[in-house]
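Accompanying notes for the structure given below.
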Amino acid sequence: MKRTNQQILIIKLVIIYNACAPNTAFLTKHNPEILTTHADSLLSANPDDEELKLAIISAKLNLAKKTNNLDEYRSVLKIDTKNSSARYYINMAEGKEHHKKGHKNAQWDAIQSFAIAAIAIDTLGEPYYWMGLAYEKKDAMDFELPLEVYDKALNLYLPQDIHTLVIVNREALTKRKKTYEDFWK
């Protein structure tokens, strides 16, 4: 029986993996592409190995973050349907795509995607920042909902650049709201 180079590589990986447990951690850190490329074969050869499964998920998430590849995030969900990181990044990307479209219905879709992302990882404020932008784009005269979600964003973790954007947008919206209220007094 003649074997292909890929089959030989997979066999070698399985042998190495079975002979020495730390190799998944090593591969995750130093050569995650091997784990991601051969994930299906490795998982089918070792279906009950939780360490291997976690190593593959970690490698796929790292690769997805590095390349911003939604297909990698989706492949993580095939292995772990409840993976919060994959759900977060998929919904954030979908929300941003809806937001770019500009029309009101797309803003509702964006808000829904950002809300799902906020549920997936409830300690991050970035989804609320984007919800605020979508609320503003959907209805320029709605001040309360965007202000509410901007405040929520500021109460959660935000990278410094996003934190600054939230503050700037919140101040501009507050100024617009005051101008509007003063006009109608």
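In the numbering used here, the protein residues as written are 274 to 458. Even glycine gets a Cβ: it sits at the ideal position worked out from N, Cα and C. Only a predicted model underlies this, so the values are computations on that prediction, with no experimental measurement involved.
- Per DSSP, the continuous alpha helix (DSSP H) segment holding W381 begins and ends at 377-393.
- Distance from the CA atom of I352 to the CA atom of A332, rounded to whole angstroms, is 12 Å.
- Around the beta-carbon of G375, fewer than 16 other beta-carbon atoms lie within 10 Å, marking it exposed.
- Around the beta carbon of Y402, 16 or more other beta carbons lie within 10 angstroms, which makes this residue buried.
- As a beta-bridge residue in DSSP terms, L397 pairs with Y430.
- Less than 8 Å separates the beta-carbon of Y423 from that of R443.
- Within its own chain, the residues whose Cβ lies closer than 6 Å to the Cβ of S357, once the five positions on either side in sequence are excluded, are A393, I394, listed in chain order.
- Considering only Q433, I307, N378, Q380, the residue with the shortest C-alpha distance to N335 is I307.
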